[in-house]
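Peer 1:
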Amino acid sequence: MVNYADGKIYKIIDNTNGNIYIGSTAEPTLARRLAKHKSDYKRYLEGKSRYVTSSFGILDNEDYSLF
2 MVNYADGKIY
12 KIIDNTNGNI
22 YIGSTAEPTL
32 ARRLAKHKSD
42 YKRYLEGKSR
52 YVTSSFGILD
62 NEDYSLF
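Just add 1 to wherever you are in the sequence shown, counting from 1, and you've got the working numbering.
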């Protein structure tokens with residue numbers, strides 16, 4: 002069950018062009034949420050998912066920061 006007391010707002014910034022993705026999570030760590038973004042993006046590239054978020058454009062660049 003989701004523990005909303007662990008809720009966090011975060012942003013991923015593309016260090017090349019300044020694009021920003023803002024999200025929220027109840028994952029225990031932001032590293033775990035970032036890993037999920039990366040996993041979702043990999044599945045999309047492999048054609049295993051049609052699900053797309055604007056974070057994919059930032060992750061594709063591979064030059065980003067998480068706050």
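Quick reminder that beta carbons are idealized off the backbone N, C-alpha and C, glycines included.
Considering only the alpha carbon of each residue, which of P29, K12 and I23 lies closest to V3?
Peer 2: Taking the sequence shown and counting its residues from 1, the one referred to as residue 3 is at position 2. Comparing Cα-Cα distances from V3 to each of P29, K12 and I23, the minimum goes to P29.
Peer 1: Does the separation of the CB atoms of I23 and I14 fall below 7 Å?
Peer 2: Within the sequence shown, residue 23 is the residue found at index 22, counting from 1. Within the sequence shown, residue 14 is the residue found at index 13, counting from 1. Cβ distance not < 7 Å, so I23 and I14 don't count as in contact.
Peer 1: Of the choices R34, N18, N16 and G19, whose alpha-carbon is the least far from that of K9?
Peer 2: Position 8 of the sequence shown, counted from the first residue, corresponds to residue 9. The shortest C-alpha separation from K9 is found at R34.
Peer 1: Figure out for me which residue from N18, T17, A36 and T26 has the closest Cα to the Cα of Y11.
Peer 2: Counting from one through the sequence shown, the residue named residue 11 turns up at place 10. Closest by alpha carbon: T26.
Peer 1: Which residues in the same chain as S50 place their Cβ atom closer than 6 Å to its Cβ, once the five residues preceding and following it in sequence are excluded?
Peer 2: As a position in the sequence shown, residue 50 is number 49, starting the count at 1. So the list reads R44, once near-sequence residues are dropped.
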